[in-house]
Amino acid sequence: MRKPIAYGFYPKEKTELIKTIENCFLDNYGPGELPKERKNNKNLIAGIVPHAGYVYSGPCAAWLYKELYENWNFDTIVIIGTNHSGLGYPVSLFITEDWETPLGIVKVDKDFGKKIIQSYDAVEDSIPHLYEHSIEVQLPFLQYISKEFKIVPILIKDLNIEEIREFMSLIDEIAKELKRRIFLLASSDFTHHGKIYGYIKFSKNIIENVKKLDLEYIEKILNLDSEGFLELIEENNGTVCGIYPILSFIEYSKLKKAKTHLLKYYNSGEKTKEEDIVVGYASIISFI
Numbered sequence: 001m002r003k004p005i006a007y008g009f010y011p012k013e014k015t016e017l018i019k020t021i022e023n024c025f026l027d028n029y030g031p032g033e034l035p036k037e038r039k040n041n042k043n044l045i046a047g048i049v050p051h052a053g054y055v056y057s058g059p060c061a062a063w064l065y066k067e068l069y070e071n072w073n074f075d076t077i078v079i080i081g082t083n084h085s086g087l088g089y090p091v092s093l094f095i096t097e098d099w100e101t102p103l104g105i106v107k108v109d110k111d112f113g114k115k116i117i118q119s120y121d122a123v124e125d126s127i128p129h130l131y132e133h134s135i136e137v138q139l140p141f142l143q144y145i146s147k148e149f150k151i152v153p154i155l156i157k158d159l160n161i162e163e164i165r166e167f168m169s170l171i172d173e174i175a176k177e178l179k180r181r182i183f184l185l186a187s188s189d190f191t192h193h194g195k196i197y198g199y200i201k202f203s204k205n206i207i208e209n210v211k212k213l214d215l216e217y218i219e220k221i222l223n224l225d226s227e228g229f230l231e232l233i234e235e236n237n238g239t240v241c242g243i244y245p246i247l248s249f250i251e252y253s254k255l256k257k258a259k260t261h262l263l264k265y266y267n268s269g270e271k272t273k274e275e276d277i278v279v280g281y282a283s284i285i286s287f288i
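Counting in the working numbering, the sequence shown runs without a single skipped number right up to 288 at its last residue.
Pasting the structure below:
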């Protein structure tokens with residue numbers, strides 16, 4: 001069993017965690033209401049969601065999870081996490097054990113994961129997953145909106161666009177072969193600005209300028225422009241942590257000929273009014 005390690009990001013007690021998740025939905029920066037109605041008027045394909053502490057990015061994430069709740073039609077959530085440690089292989093899966101949170105056990109789609117390992121240069125490698133929070137923090141939200149799903153937890157790093165394109169094509173082929181209804185969930189925050197991150201691009205109007213920069217990144221994402229997104233990152237020495245999950249979102253959405261929509265953006269400075277440390281968050285979906 002993969003035990004939870006991200007307790008600094010969310011409460012470890014079940015009742016408090018549920019209350020915190022509900023407060024994220026009800027927050028002024030959240031959707032303003034709890035998810036309550038299954039509408040199923042969109043065929044959702046993929047999403048980008050933040051992975052900071054719930055007090056900061058939870059309301060932003062709630063926008064995506066409300067959309068998922070309202071249009072839930074999935075067996076398996078393929079989660080592409082940010083490999084913050086840089087450890088392990090370019091594509092690392094943790095599929096031999098199920099994952100635990102304070103809300104219970106999340107089952108791993110082992111058949112799907114094994115197919116990936118058999119068909120691609122990917123490995124079962126628990127090391128980069130053991131202290132990585134970017135996948136784990138999504139699980140309580142998923143458990144809140146659905147009781148019936150499995151996950152495929154994947155960390156990606158150091159792949160070029162063509163390699164990511166090929167990997168997303170494989171994910172699609174496996175889903176069809178196994179007759180899985182999947183949703184691809186890319187876990188990433190946006191610009192990290194401040195001395196602690198070694199990135200001080202702006203000296204004044206920091207909150208507004210970080211937002212402006214992130215919206216430039218998001219425009220490339222919404223246009224499914226992988227090359228343009230990477231060029232913009234390079235031009236700005238960008239500190240978007242989940243470049244590879246975002247490229248996965250772009251390439252998978254492009255493969256499925258999906259439309260895109262920005263559900264919510266804000267940065268921590270807008271919420272806390274503090275400029276020393278500013279991190280951007282966005283919830284984005286694609287659908288057909």
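Cβ coordinates follow ideal geometry from the N, Cα and C atoms, glycine included.
From a predicted model like this one, the values you see are computed outputs, not experimental measurements.
Three-state secondary structure assigned by DSSP to residue i
{"i": "Ser-253", "result": "helix"}
{"i": "Val-240", "result": "coil"}
{"i": "Phe-275", "result": "First, the residue type needs correcting, since residue 275 is Glu and not Phe in the sequence shown. Coil."}
{"i": "Glu-100", "result": "strand"}
{"i": "Glu-13", "result": "coil"}
{"i": "Glu-124", "result": "strand"}
Residue i, enclosing beta strand (DSSP E) - first and last residue
{"i": "His-261", "result": "259-267"}
{"i": "Val-278", "result": "278-287"}
7 Å CB neighbourhood of residue i in its chain, flanking five on each side removed
{"i": "Lys-257", "result": "Ile-288"}
{"i": "Glu-275", "result": "Ile-206, Ile-207 and Gly-269"}
{"i": "Lys-42", "result": "Asn-71 and Phe-287"}
{"i": "Val-49", "result": "Ala-61, Leu-64, Gln-138, Leu-185, Ser-187 and Ser-283"}
{"i": "Phe-141", "result": "Ile-21, Ala-61 and Tyr-65"}
{"i": "Glu-216", "result": "Leu-232"}
{"i": "Asp-111", "result": "Leu-178"}
Per-residue burial, residue i [other beta carbons within 10 Å of its own, 16 or more giving buried]
{"i": "Val-123", "result": "exposed"}
{"i": "Asp-189", "result": "buried"}
{"i": "Met-1", "result": "exposed"}
{"i": "Tyr-131", "result": "exposed"}
{"i": "Asp-121", "result": "exposed"}
{"i": "Lys-179", "result": "exposed"}
{"i": "Tyr-10", "result": "buried"}
{"i": "Glu-231", "result": "exposed"}
{"i": "Gly-113", "result": "buried"}
{"i": "Gly-86", "result": "exposed"}
{"i": "Asp-158", "result": "exposed"}
{"i": "Ser-248", "result": "buried"}
{"i": "Ile-105", "result": "exposed"}
{"i": "Gly-238", "result": "buried"}
Opening and closing residue of the alpha helix (DSSP H) in which residue i lies
{"i": "Val-108", "result": "Run containing Val-108: none in the alpha helix (DSSP H); it sits in the beta strand (DSSP E), 104-108."}
{"i": "Tyr-217", "result": "206-222"}
{"i": "Ile-233", "result": "226-235"}
Other residues of its chain near residue i: CB distance less than 8 Å, five sequence neighbours each side excluded
{"i": "Asp-125", "result": "Gly-88, Tyr-89, Ser-92, Leu-93 and Phe-94"}
{"i": "Glu-37", "result": "Glu-70"}
{"i": "Glu-13", "result": "Pro-102"}
{"i": "Lys-259", "result": "Ser-286, Phe-287 and Ile-288"}
Minimum Cβ-Cβ distance from residue i to chain C less than 8 Å
{"i": "Tyr-54", "result": "The chain labelled as chain C is not found in the depicted structure, where only one protein chain is given."}
Close beta carbons around residue i, own chain, < 6 Å, minus the five adjacent residues each side
{"i": "Lys-212", "result": "none"}
{"i": "Ile-243", "result": "none"}
{"i": "His-133", "result": "Ala-6 and Phe-9"}
{"i": "Ile-116", "result": "Ala-122"}
{"i": "Ile-228", "result": "The sequence shown places Gly at residue 228, not Ile. Cβ neighbours of Gly-228 beyond the five flanking positions: Lys-220."}
{"i": "Gly-47", "result": "Leu-64, Leu-185 and Ile-285"}
heavy atom of the ligand SAH below 7 Å from residue i C-beta
{"i": "Met-168", "result": "Within the structure as shown, the ligand SAH is missing, as the structure has no ligands at all."}
- Message: My parser needs the alpha helix (DSSP H) runs of 4 or more residues fully inside the stretch 141-203; what are they?
- Response: With a minimum length of 4 residues, the continuous alpha helix (DSSP H) runs that stay inside the stretch 141-203 are 161-177.
- Message: Could you tell me which whole beta strand (DSSP E) segments of length 3 or greater appear in the stretch 23-92?
- Response: 44-49 and 76-82
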